[in-house]
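In UniProt numbering, the protein residues as written are 1 to 888.
Beta carbons are placed, not taken as given, at the ideal position from N, Cα and C, and that holds for glycine.
Written out below as structure tokens is the structure these notes cover.
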Amino acid sequence: MKLKRVRVENIRSYKDLDISFEDGVTVVSGVNGSGKSSLLEACFTGLFGSRTLSKDFVLSDIIRKGATKASIIVDFDNKGHEYNIEQGYKVNPKTGSASNNRSVFKIDGDIMVDQASQTYEAVKALLKMDEESYKNCVYIRQGEIDVLINAKTKDRQRMIDDLLQIGKLEEYRERASSARKGVGRHQRETDARIKDNVADIEQIETLDPYQVLNTVKTEMNETGAKISDLDAKKERARGIVESIEERISRYTETQEQKKAIDVEIRGFKSKVTVTYSEMEKGRNLVSSGRQEVQQLQSANADLSTRINIPDDADIENYAVSIEKEEVSARDVVSSIVKKRELAQSSERSQNEFLLNLNEQVKKTSIAIQNKEAKIKSIQEDIERLSADSRKLDDENENRSKEASELGFPADKLENIDDIAELLSMKQKQLHGKEREKFATLTELEKRVKKAKELLDKGLCPTCGQDLKGSKICEETAEDEEQKAGLLNELQSIRSEQADVETKVERVRNAKEIAKRIAENDHLTQIKKKDIAANEKLIEENHISIREEKEKESGLKEQISEVTISIRKIKEDIVTLGKDETAAMNSHKVVKDKLDIARKIRTNQLEIRKVQNDMQRSQDRINNGLEKVGLFEEQIKDRKQRLDQLEKVLGDVDIDKLRTEKMQYDSAYKGIVSELEKFNLRIKELHKEVGRVEGEIKRLNELKQKHRMLTNKKEFLAAVYNDAEELETMYIRLRAELRAKNIDALDRLLNEIFSFMYTNNAYSHIKLDQEYNLTIYEKDGTALEPKLLSGGERAIFNLVLRCAIYRLLSHSPGTTGSSELPPLILDEPTVFLDRGHVHQLIKLIDMMRDVGVGQILIVSHDESLIDSADHVFVVEKDPITNSSSISAK
């Protein structure tokens, strides 16, 4: 990441600021209180928003007093893309409170997100750190330089783990642990359900429902046989009772006939009297009938006038024609009513069908939305997997380049182990030659030294003769010459050893690169398989969506057709309603006319009836005398029949017959009572069969449920083991990654430490597995960083921060320091004397040399200003209290 430009409006002491940054070391200087640190705070807030404020501050505290709006715009480059973040604020003039009313994150000019929380997440994902990690690594604020050293062990672990992206593994472990506990809870619940299920099965099986069912069915068969036997007895008893009843009935009937004949005789005698009375009544009826006929004829004349019936019209034919007309009008009304009711029924049916179609469209639309959301989720997974795969490919490409730069292209990288073994053998050979040459050289040096001592004396120690020109002089010269040759050979061997050592180091690095490339290739293959599986899922969902959309289109066409049909039916109903009203009015007119015609016809019929009654009365009068004679003959005949019936009765004992009937009736009732008992028992047995069969059915269902619960228990056990293994894997992976990072951080710490503390009292730093730091003096004495002097502690903290920064630049997914934010130091010389300031400058130069593209420093120290690539001076106007920045 390279910071390009920062624009500030109404933030702290800056009313309007527009500053651009270049690569290299930039120092912002100025007197205390001029607003130097406010510039860095503005950059910090521009990136992470209001989350950068400490708990003692609110948003309105950073906005210039009296301003109603404020903004921070930060421009930077990263991986060839231009990024722009704009934070806008407004102030409520009544309450004085401030709020973030605009937060926009752009890439290459296109708005990606426009909401504060989304902007924060986008920045955090891009920089791979949140605001706390930013402060712990790249932004060393004034007064917070030793936060990492003074932090508790657990807090320091969390800070550094979060910086190195290891903290996520603990989050994943906790998720796996929660999943494992959740599965464990389901296991316990399933065990409890299995226990209850087994208890229910045992309870039912204890009752032996199959045996009970056989017993009940046997009793049902026996009871059925008894019922059949009793039915036969009941039929026999009923036959005997019916026979006796028939004899009693014949006796009773004969007695009734006798009584009837007596009654007839008395009747005939009464009829004679009545006949004479009726003859008198007939004479009276003839007289009253004449008067009634006259009244009816007068009424008909009035009614005929009301409906304009001609005098000579046949009222019967006229009424029949009007009846046909009324029936026709009534049929018209009935037909229209039926059509209207049928149309209303059709309307209700079509409305119900329309509701059903709309519900199907809604369900289809929801199904399409769910599948589209699923496709989107899968595409996001594919994009994430593709991005991960591309990152791995990019990393492998970079690793391959690194290997090529080390002299190991892809073909040689495959044989790296053989090369390493050859170099190891070469090292051993050179080491043996060096020792051999060194031993020979040592022996020659001893001989030359001894010879020189003799030559210096000039005499042989044994004979006292002069040694000049002697053989020893020649041997000494040869030894000197051989010594010079050995020194050259030894130097050549050591040079070759140094070259081999360099090659060994390159091979070691190349082996590490090859290992990482192989790991990345494996991960890439896994991700490609996942991508292919997801793409297949997307295709399946697309096919399903097309089918659902075709279905939805068909349903919508049906809805349109049904809607048109309902509209037409409603129009028909309105038309039929009007037709019904008109038909009913027409029917009423005809019906009123028919009622009058019927009344006339009724009166005419009544006239003829009265006239007929009059004639019959006259006939009855004439026939009355003939009847009286006939009645006398009937009375004589009935008396003769009574004598015959007396002979038929003979000597029948009716009381005995009735006693026998009572006895058989009692037996019949006993049989019926028994039958009712057995039939009641049959019903009870049927109920018992139903209950036992229900128990058997429930037993089978419980057994089926037991099998399902047992399968579920086995499945949960497998899931529990998987979650447990996953949790263990995250613990192991976190430990392995932490160990690797600790080793790397320890190496970088000591590398920077050695660079900074050359010829000092300290030998090295030790970083343990808990991120605890120990400094060792050259005599082996261990010191805690807190025991260092103020200046030493400040430099040590800067070394730690720089080591973490460099480690982050080599972390997976990061191609170097260019992806990290600028290294920012706020008043780093506060606790340093001149010697330590020199060490700080040395540290800054080293960070610049290892590839840190931008270093921003706020300081008024002249040494830092002189060593900077770019210098800005901050000044504050005491009148307006406004800060301004100018390039020096």
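In the DSSP assignment, find the beta strand (DSSP E) that holds residue 5 and state where it starts and stops. As a working note, residue 5 is residue 5 in the sequence shown. Counting along the chain, the beta strand (DSSP E) containing residue 5 begins and ends at 2–11.
Which residue wins for smallest C-alpha separation from residue 1, given the options 76, 36 and 867? In the sequence shown, residue 1 corresponds to position 1, counting from 1. With distances taken between Cα atoms, residue 1 lies closest to 76.
Counting only runs of 4+ residues fully inside the region 723–785, write out the alpha helix (DSSP H) ranges in chain order. none
Skipping 5 residues on each side, what residues in its chain have a beta carbon closer than 8 Å to that of residue 342? Stepping through the sequence shown from its first residue, residue 342 is reached at position 342. Excluding sequence neighbours, residue 342 sits near nothing in its chain.
Skipping 5 residues on each side, what residues in its chain have a beta carbon closer than 8 Å to that of residue 153? Here residue 153 corresponds to residue number 153 of the sequence shown, with the count starting at 1. Contacts found: 770, 771 and 772.
May I ask which residues mark the beginning and end of the alpha helix (DSSP H) holding residue 300? Residue numbering aside, residue 300 sits at position 300 when the sequence shown is read from its first letter. Residues 209–306.
Quick one: residues in its chain with C-beta nearer than 8 Å to the C-beta of residue 795, no 5 flanking neighbours on either side, listed in chain order? Position 795 of the sequence shown, counting from 1, holds the residue named residue 795. Result list for residue 795: 756, 832, 836, 839, 840 and 843, in chain order.
Whole-angstrom distance between residue 261 and residue 271, CA atom to CA atom: Along the sequence shown, read from residue 1 onward, the residue named residue 271 stands at position 271. Along the sequence shown, read from residue 1 onward, the residue named residue 261 stands at position 261. About 15 Å.
CB of residue 441 within 7 Å of CB of residue 497, strictly: Position 441 of the sequence shown holds residue 441. Position 497 of the sequence shown holds residue 497. Contact: no.
Please identify the residue among 870, 847 and 191 whose C-alpha is closest to the C-alpha of residue 858. Against the sequence shown, residue 858 aligns to sequence position 858. Out of 870, 847 and 191, 870 has the C-alpha closest to the C-alpha of residue 858.
Boundaries (first-last residue) of the beta strand (DSSP E) holding residue 875: Sequence index remark: in the sequence shown, residue 875 carries index 875 (1-based). Counting along the chain, the beta strand (DSSP E) containing residue 875 begins and ends at 870–877.
For residue 217 versus residue 678, is the C-beta distance shorter than 7 Å? Here residue 217 is taken as the residue at index 217 of the sequence shown, counted from 1. Here residue 678 is taken as the residue at index 678 of the sequence shown, counted from 1. The answer is no: Cβ separation not under 7 Å.
If we count the other Cβ atoms within 10 Å of its Cβ and call it buried at 16 or more, is residue 854 buried or exposed? Mapped onto the sequence shown, residue 854 falls at position 854. So residue 854 ends up on the buried side.
Given residue 34, which residues of its chain have a CB within under 7 Å of its CB, disregarding the five upstream and five downstream residues? Residue 34 sits at position 34 when you count from the first residue of the sequence shown. The residues are 874, 875, 876 and 883.
Does residue 823 come out as helix, strand or coil in the three-state DSSP assignment? Walking along the sequence shown from the start, residue 823 turns up at place 823. Residue 823: strand per DSSP, three-state reduction.
On the CB-based measure, 16 or more other CB atoms within 10 Å of its CB, does residue 273 come out buried or exposed? Working through the sequence shown from its first residue, we reach residue 273 at position 273. Result: exposed.
Going by Cα to Cα distance, which pick from 296, 106 and 185 is closest to residue 604? What you label residue 604 is simply residue 604 of the sequence shown in a count that begins at 1. That would be 296, whose Cα lies nearest to the Cα of residue 604.
Report yes if the C-beta distance between residue 307 and residue 566 is below 7 Å; otherwise report no. By one-based count along the sequence shown, residue 307 stands at place 307. By one-based count along the sequence shown, residue 566 stands at place 566. Result no, Cβ atoms of residue 307 and residue 566 do not sit closer than 7 Å.
Looking at the secondary structure, which residues open and close the alpha helix (DSSP H) in which residue 894 lies? Missing from the structure shown is residue 894; the chain here goes from 1 to 888 and no further.
Residue 584 - DSSP class collapsed to helix/strand/coil: By 1-based counting over the sequence shown, the position of residue 584 is 584. In the structure shown, residue 584 sits in a helix (DSSP, three-state: H, G or I).
Apart from the five residues on each side of it in sequence, which residues of its chain come closer than 8 Å, Cβ to Cβ, to residue 872? As a working note, residue 872 is residue 872 in the sequence shown. Contacts found: 19, 26, 27, 28, 29, 885, 886, 887 and 888.
Looking at residue 46: is its Cβ nearer than 7 Å to the Cβ of residue 91? Here the question's residue 46 lines up with position 46 in the sequence shown. Here the question's residue 91 lines up with position 91 in the sequence shown. Against a cut-off of 7 Å, the Cβ pair of residue 91 and residue 46 comes out as no contact.
Per-residue burial, residue 655 [other beta carbons within 10 Å of its own, 16 or more giving buried]: Position 655 of the sequence shown holds residue 655. Result: exposed.
Own chain residues within Cβ distance below 8 Å of residue 486, not counting five before or after: The count along the sequence shown starts at 1 and reaches residue 486 at position 486. Cβ within range, chain order: 437, 440, 441 and 444.
Which term fits residue 926, buried or exposed, when burial requires 16 or more other beta carbons within 10 angstroms of its beta carbon? Residue numbering for the chain in the displayed model covers 1 to 888; residue 926 lies beyond these limits and cannot be assessed.
Cβ atoms of residue 590 and residue 326: under 7 Å apart, would you say? As a first step, residue 326 is located in the sequence shown; it is residue number 326 there, counting from the start. As a first step, residue 590 is located in the sequence shown; it is residue number 590 there, counting from the start. Result yes, Cβ atoms of residue 326 and residue 590 sit closer than 7 Å.
Bridge-paired residues (DSSP) for residue 102: By 1-based counting over the sequence shown, the position of residue 102 is 102. Bridge partners of residue 102: 88.
Excluding sequence positions up to five away, which residues of its chain have a Cβ less than 7 Å from the Cβ of residue 52? Working through the sequence shown from its first residue, we reach residue 52 at position 52. Cβ neighbours of residue 52 beyond the five flanking positions: 44, 45 and 131.
Beta-carbon spacing of residue 586, residue 286 below 7 Å: Taking the first residue of the sequence shown as position 1, residue 586 is located at position 586. Taking the first residue of the sequence shown as position 1, residue 286 is located at position 286. It is not a contact, given that the beta carbons lie outside the stated cut-off.
Quick one: Cα of residue 564 to Cα of residue 365, how far? Residue numbering aside, residue 564 sits at position 564 when the sequence shown is read from its first letter. Residue numbering aside, residue 365 sits at position 365 when the sequence shown is read from its first letter. Their Cα atoms are separated by approximately 23 Å.
Where does the unbroken beta strand (DSSP E) through residue 112 begin, and where does it stop? For the purposes of this step, residue 112 is taken as residue 112 along the sequence shown, with counting starting at 1. Run containing residue 112: 110–113, per the beta strand (DSSP E) assignment.
Taking the beta strand (DSSP E) that residue 76 falls in, what are its first and last residues? As a first step, residue 76 must be located in the sequence shown, where it is residue number 76. Unbroken beta strand (DSSP E) run through residue 76: 69–78.
7 Å Cβ cutoff met for residue 382 and residue 534: As a working mapping, residue 382 is identified with position 382 in the sequence shown. As a working mapping, residue 534 is identified with position 534 in the sequence shown. Contact: yes.
Tell me the DSSP secondary structure of residue 65 in three-state form. Indexing the sequence shown from 1 puts residue 65 at position 65. Note: residue 65 maps to coil in three-state DSSP.
Suppose the cutoff is 7 Å on Cβ atoms and the five residues either side in sequence are ignored; what does the same chain contact list for residue 541 look like? Taking the sequence shown and counting its residues from 1, the one referred to as residue 541 is at position 541. Contacts found: 371, 374 and 375.
Straight-line CA distance for residue 42 to residue 11? Start at 1 with the first residue of the sequence shown, and residue 42 comes out as number 42. Start at 1 with the first residue of the sequence shown, and residue 11 comes out as number 11. The alpha-carbon atoms of residue 42 and residue 11 are separated by roughly 7 Å.
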